[in-house]
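Undergrad: Numbering of the sequence shown is given in the numbering used here, commencing with residue 3 and proceeding in unit increments.
My structure is below; once you've seen it, I'll send some questions.
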Amino acid sequence: MPSRRLPDRNSVWTAGGARVVLGEWRRSGDSITAFARGIGVSPQRLFGWRKRLGMTSKAVAPTAISLVPAMQVPAEPDPAGIIIRLPSGIAIEAGSSSPSWIASVVAELTRALP
3 MPSRRLPDRN SVWTAGGARV VLGEWRRSGD SITAFARGIG VSPQRLFGWR KRLGMTSKAV
63 APTAISLVPA MQVPAEPDPA GIIIRLPSGI AIEAGSSSPS WIASVVAELT RALP
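Pasting the structure below:
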């Protein structure tokens with residue numbers, strides 16, 4: 003609730019009167035729309051005066067960012083390894099293998115098998 007006498011909603015507002023209303027709005031903590039409805043004026047009237055008086059909120063300047071060094075750690079092969087079972091019943095076990103090695107083995111087997 004405003005603590006000062008505010009300009010009448012139907013009167014022509016002066017810049018000083020608008021400053022009083024906008025000051026009350028800021029102190030209220032309400033949204034501009036809720037405050038305007040509470041005092042019986044259209045929100046557009048307050049938005050317009052706020053813009054005219056240069057009371058729009060300024061964008062906050064971005065804070066400086068900094069980069070920190072990072073190291074990429076290579077993925078460790080699965081310690082369980084892999085077992086490739088062929089249709090003939092043969093099983094090929096590879097302990098810890100890189101994905102590229104496994105891909106090479108599968109490519110060779112695909113080419114070699116009829």
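The beta carbon of each residue, even a glycine, is placed where N, CA and C say it ideally should be.
#1: So, helix, strand or coil for Glu95, using DSSP?
#2: When you compare only the Cα positions, how much space is there between Trp103 and Ile67?
#3: Would you call the CB atoms of Arg47 and Leu24 closer than 8 Å?
#4: Quick one: residues in its chain with C-beta nearer than 7 Å to the C-beta of Gly97, no 5 flanking neighbours on either side, listed in chain order?
#5: Can you give the Cα-Cα distance for Trp27 and Arg54, rounded to whole angstroms?
TA: Per the coordinate set shown:
#1: Residue 95 sits at position 93 when you count from the first residue of the sequence shown. Correct three-state label for Glu95: strand.
#2: Start at 1 with the first residue of the sequence shown, and residue 103 comes out as number 101. Start at 1 with the first residue of the sequence shown, and residue 67 comes out as number 65. For Trp103 and Ile67, the distance between alpha carbons rounds to 41 Å.
#3: Your numbering for residue 47 matches position 45 in the sequence shown. Your numbering for residue 24 matches position 22 in the sequence shown. Contact flag unset, no.
#4: Start at 1 with the first residue of the sequence shown, and residue 97 comes out as number 95. Hits under 7 Å: Gly83.
#5: Position 25 of the sequence shown, counted from the first residue, corresponds to residue 27. Position 52 of the sequence shown, counted from the first residue, corresponds to residue 54. Cα to Cα, Trp27 sits roughly 16 Å from Arg54.
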